[in-house]
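Comments concern the structure below.
Residue numbers (our numbering): 63 to 300.
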């Protein structure tokens, strides 16, 4: 007996049922998704912007646990990333005497600082050249910089040559000793700059007293007056 085949109308009805089922499932899924998304966005909008969950009751427990876990992870990462007992070559330790100071750059910066200060005392100082030894550049000032320490310029020149050409980074001790020498030279130059300014004022005042003006300061239009004459007022004739 040959198999019975479904009629054309029944087959079409079965296809319609299958397609309709998938379509209904898709519409229902989209409706649930949009509804949950709308509800979540609405709840988020009700939270004030400066609001921060700090207690377990502020948010659901899973959310509170997640926040605590993230805070703990961030703290651990920050603690591990900080240097402990170790320093980067050529840099000051964050908790040391020179935090975040690049010693090579700091040494080379003293060249410009000293040159600027030295020109206030000796404007005729030769121009600053990039590779000229500092012992030669500051040689015109040796008569004031080497009075109490004849090796001061030599020591400073060694520090600068080390910062310029040495492959190894300067250490904290190198920068400390260089800074001491630079501060000594700055103090000496500042002292002489102030002394020169004071002497200039005194010389100007002395010249005014030694060479009085040719015009008689007590005369007005060639005649003495009671208000300008050195004669006491009670001796003037009335």
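Yeah, the Cβ is synthetic: ideal placement off N, Cα and C, and Gly gets one too.
Note that the structure is a prediction, hence the values are computed from the model and not measured.
In this structure, how does DSSP classify residue i when only helix, strand and coil are distinguished?
i, result
"residue 193", "coil"
"residue 100", "helix"
"residue 91", "helix"
"residue 249", "helix"
"residue 109", "coil"
"residue 242", "helix"
"residue 177", "helix"
"residue 23", "The structure shown does not extend to residue 23, since the chain is modelled only from 63 to 300, so the question has no answer here."
"residue 223", "helix"
"residue 233", "coil"
"residue 82", "helix"
"residue 55", "The structure shown does not extend to residue 55, since the chain spans only 63 to 300, so no value can be given for it."
"residue 186", "coil"
"residue 119", "helix"
"residue 272", "Unreliable placement is indicated for residue 272, whose pLDDT of 47 sits below 50; the coordinate value is still reported in the next sentence. It is helical."
"residue 75", "helix"
Can you give me the start and stop residues for the alpha helix (DSSP H) that residue i sits inside?
i, result
"residue 208", "Premise fails: residue 208 is in no alpha helix (DSSP H) and is neither H nor E."
"residue 143", "123-143"
Report the partner residues of residue i according to the DSSP bridge assignment.
i, result
"residue 199", "DSSP, once it has assigned bridges, lists no residue as partnering residue 199."
"residue 164", "153"
Can you tell which of the options has its C-alpha closest to the C-alpha of residue i?
i, options, result
"residue 203", "225, 180, 133, 216", "180"
"residue 109", "121, 99, 98", "121"
"residue 171", "251, 133, 218, 201", "218"
"residue 199", "205, 92, 187, 207", "187"
"residue 182", "136, 259, 225, 214", "259"
"residue 197", "221, 184, 163, 185", "221"
"residue 207", "228, 184, 225", "184"
"residue 151", "166, 100, 124", "166"
"residue 303", "209, 178, 154", "With the chain represented from 63 up to 300, any question about residue 303 goes unanswered, as that position is not in the structure."
"residue 176", "261, 76, 250, 93", "250"
"residue 160", "142, 212, 238", "238"
"residue 216", "201, 255, 228", "201"
Practice task
Evaluate contact between the segment 189-197 and the segment 238-253, counting only Cβ atoms and requiring at least three cross-stretch pairs below 8 angstroms.
Solution key: no
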